[in-house]
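Visitor: Read left to right, the sequence shown gives residues 3 to 100 (my numbering).
Where a beta carbon is used, it is the ideal one built from N, C-alpha and C, also for glycine.
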Amino acid sequence: MDKKNFKRVMDGLNDAIAIARGEADPKTYRVHVPVDVDVQKIRKKLKLTQAEFAHRYGFSLGSIRDWEQKRKQPEASARMFLKVIEKRPEVVAEVLGK
Numbered sequence: 003m004d005k006k007n008f009k010r011v012m013d014g015l016n017d018a019i020a021i022a023r024g025e026a027d028p029k030t031y032r033v034h035v036p037v038d039v040d041v042q043k044i045r046k047k048l049k050l051t052q053a054e055f056a057h058r059y060g061f062s063l064g065s066i067r068d069w070e071q072k073r074k075q076p077e078a079s080a081r082m083f084l085k086v087i088e089k090r091p092e093v094v095a096e097v098l099g100k
């Protein structure tokens, strides 16, 4: 790894440590929007049909089909929501109701 990339990694680690310790100002937090999301992988991991996934999380069935077949890409806000669904579906259920 070259010096530039090493510095970027170290800066990120130091930021994460500051956040974990409560030393960082929350106003400086930045959300990173994923460039790509594998909707089919997320859906299959949850063992849901396209229709069930769409209904449960408020997407249209057509959008799910388009995303899975790579005809369209989810908007930034949908990509963020999909990542939350992927990582913590139980939190989504708790917050939004079952």
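So V35 and A78 are in contact, right, with Cβ under 8 Å, and what is the actual spacing, rounded?
Guide: 5 Å between Cβ atoms; contact.
Visitor: Kindly indicate which residue of H57, R58, D17 has the alpha-carbon position closest to the one of T30.
Guide: Ranking the options by Cα distance to T30, first place goes to D17.
Visitor: Pick helix, strand or coil for F61, following the three-state DSSP scheme.
Guide: Coil, per DSSP.
Visitor: What residues in its chain sit with their C-beta under 6 Å from that of D45, if we drop five residues either side in the sequence?
Guide: The question names Asp, but residue 45 is Arg in the sequence shown. Cβ neighbours of R45 beyond the five flanking positions: F55.
Visitor: So, helix, strand or coil for A80, using DSSP?
Guide: Note: A80 maps to helix in three-state DSSP.
Visitor: How long is the line joining the alpha carbons of Y59 and D68, rounded to whole angstroms?
Guide: Approximately 16 Å, taken between the alpha carbons.
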